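A short worksheet on the structure shown next.
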Amino acid sequence: MIPLVKPFMAPAAEMMPALEKILYSGYIAEGQAVYDFEAAFRSFFGNPRMLALHSGTDALHLALILAGVGPGDEVISTAMTAEPTNVAIAMTGAKVVWGDVDPATGLLSPDSVRSLITGKTRAIMLVHYAGMVCDLREFDRISAETGIPLIEDAAHALGSRFAGKFIGNNAPYTVFSLQAIKHMTTVDGGFLAVKSDADLERARRLRWFGLDKAKPRLENDITEVGYKYAMNNVNAAIGLVQMRHLRAILDRHQANGKFYDNAFRGVPGVTCVPYYPETEPSYWLYTMLVERREDFCRALNDRGIVASPLHLRSDRHSIFSYARRKLEGLDQFYSNFVHLPCGWWVGDEEREQVVDAVKKGW
Ligand SMILES: *Cc1c(COP(=O)(O)O)cnc(C)c1O
């Protein structure tokens, strides 16, 4: 079977010496390996203000705190995402308000978001689902007009671009995940990208109990509750080796995605997803709409390919029952969308196999 997701791990000959060295170095907590990994990540993505954290969920939580989100506030978000996005909002005590999605893309609709803004709206949470990029031109306009900050959950969008730049350079807060099945993994890990020095310094303290690491421990004063969200040297040492392969991983995801975009155009029963102006997806998963999805998935499975949706829509969870509302765009997208394998493990032969399997019909 060609799987939908697969953790990438650099060859043992490269990884094991680096891992062994750090494990027995006498310094496995946050230290130089983390700072070296941050430097490599920042220079790759072009934003000098990025902090390594223990997970993407930690990055989401800190982004919300930096945006000023707290109890009683509202955050407009999407149900078309993985669980961490909206659970992180719940962690702050704020209420989720479900924006509807564009039924053609499954991504948050700017018009829907605009109609939901109230005096309590403290942030807009965008999810670049499966690596597709939201309509950032419109969302930037909404944010500029209202002063409400955007948080971009880019857990699926490492290497995606907007207006020629990597995601991570647009909104005041962008979140990446280095969890097992994302484009690049450090086993677990995350990054928070910010745009101001003030946010960077505050996040640096918040990731370590509120302590200022630049000062000696005995001279520190915690003035704001922080968390234990820092990355450790072990995950960072893994990340430094993984980084050597990042360009190749992203290239393969994107080449496969573009190959499918061309191959599936005009295939009966398939509707391709359009991409918004100035956006370039990084195709974490390949996404499209199909008629009679169950039959489609069964047929593809019989032909050796995993094809399926991946996440339960977040508005189905009991903790968000207070926020339930009619989401027509999401209902439409959710019943027809499907993912196909498109990552680094899909070679030239496998992608031909996928295209043939779809074209055979179901
Ligand atoms: C994976 C993921 C995250 C963060 O997850 P961690 O496992 O905490 O790194 C956040 N949002 C989305 C949409 C995700 O898929």
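The opening position of the sequence shown corresponds to residue 1430 in this note's numbering, with each subsequent residue numbered one higher.
Heads up, the beta-carbon is just placed ideally off N, CA and C, and yes, glycines get one too.
Remember, it's a predicted structure, so these values are computed and weren't measured experimentally.
Cβ-based burial, residue i [other Cβ within 10 Å; buried from 16]
| i | result |
| --- | --- |
| residue 1485 | buried |
| residue 1708 | buried |
| residue 1472 | exposed |
| residue 1673 | exposed |
| residue 1459 | buried |
| residue 1748 | exposed |
| residue 1581 | buried |
| residue 1750 | exposed |
| residue 1651 | exposed |
| residue 1683 | buried |
| residue 1476 | buried |
| residue 1785 | exposed |
| residue 1479 | buried |
| residue 1661 | buried |
| residue 1741 | exposed |
| residue 1753 | exposed |
Integer-rounded CB distance, given that residue j should sit under 8 Å from residue i
| i | j | result |
| --- | --- | --- |
| residue 1726 | residue 1767 | 7 Å |
| residue 1488 | residue 1605 | 7 Å |
| residue 1495 | residue 1628 | 5 Å |
| residue 1638 | residue 1655 | 4 Å |
| residue 1493 | residue 1519 | Going by Cβ atoms, the distance from residue 1493 to residue 1519 rounds to 10 Å, so no, they are not a contact pair. |
| residue 1536 | residue 1569 | Going by Cβ atoms, the distance from residue 1536 to residue 1569 rounds to 15 Å, so no, they are not a contact pair. |
| residue 1711 | residue 1588 | 4 Å |
| residue 1667 | residue 1445 | Their Cβ separation, rounded to whole angstroms, is 11 Å, which puts residue 1667 and residue 1445 out of contact at 8 Å. |
Host beta strand (DSSP E) of residue i (start-end)
| i | result |
| --- | --- |
| residue 1768 | 1766 to 1769 |
| residue 1619 | 1619 to 1623 |
| residue 1524 | 1524 to 1527 |
| residue 1656 | First-last for residue 1656: undefined, no H or E at that position. |
| residue 1749 | No beta strand (DSSP E) holds residue 1749; DSSP gives it neither H nor E. |
| residue 1602 | 1602 to 1606 |
| residue 1701 | 1699 to 1701 |
| residue 1506 | 1503 to 1506 |
| residue 1482 | 1479 to 1482 |
| residue 1673 | No beta strand (DSSP E) holds residue 1673; DSSP gives it neither H nor E. |
| residue 1552 | 1550 to 1556 |
| residue 1498 | Note, residue 1498: premise wrong, no beta strand (DSSP E); not H, not E. |
Where the alpha helix (DSSP H) containing residue i begins and where it ends
| i | result |
| --- | --- |
| residue 1628 | 1626 to 1635 |
| residue 1744 | Careful: residue 1744 lies outside any alpha helix (DSSP H) and carries neither H nor E. |
| residue 1471 | 1461 to 1474 |
| residue 1580 | Not the alpha helix (DSSP H): residue 1580 falls in the beta strand (DSSP E), residues 1579 to 1582. |
| residue 1787 | 1777 to 1788 |
| residue 1530 | Where residue 1530 is concerned, there is no enclosing alpha helix (DSSP H), given that its DSSP letter is neither H nor E. |
Residue from the options with nearest C-alpha to residue i
| i | options | result |
| --- | --- | --- |
| residue 1659 | 1738, 1463, 1430 | 1463 |
| residue 1578 | 1642, 1506, 1586 | 1506 |
| residue 1431 | 1779, 1784, 1723, 1787 | 1779 |
| residue 1625 | 1775, 1637, 1597, 1442 | 1597 |
| residue 1649 | 1634, 1663, 1524, 1446 | 1634 |
| residue 1538 | 1546, 1774, 1758 | 1758 |
| residue 1680 | 1774, 1646, 1663 | 1774 |
| residue 1547 | 1536, 1559, 1731, 1576 | 1576 |
| residue 1721 | 1693, 1443, 1764 | 1764 |
| residue 1584 | 1571, 1566, 1574, 1561 | 1561 |
| residue 1755 | 1662, 1710, 1527 | 1527 |
| residue 1693 | 1788, 1600, 1647 | 1788 |
| residue 1728 | 1667, 1474, 1790 | 1790 |
| residue 1599 | 1698, 1468, 1573 | 1573 |
Using 8 Å as the threshold, is the region 1687 to 1695 in touch with the region 1477 to 1491, meaning 3 or more CB pairs across them? Verdict: no, contact absent.
Taking contact to mean at least 3 C-beta pairs separated by less than 8 Å, is the region 1708 to 1717 in contact with the region 1768 to 1787? yes
Tell me, please, whether the region 1661 to 1678 touches the region 1603 to 1621 by the rule of three or more beta-carbon pairs shorter than 8 Å. yes
Would you call the region 1497 to 1515 in contact with the region 1640 to 1654, where contact means no fewer than 3 C-beta pairs closer than 8 Å? Counting Cβ pairs under 8 Å, fewer than three are found: no touch.
For the region 1541 to 1558 and the region 1436 to 1455, state whether three or more C-beta atom pairs, one from each stretch, are separated by less than 8 Å. no
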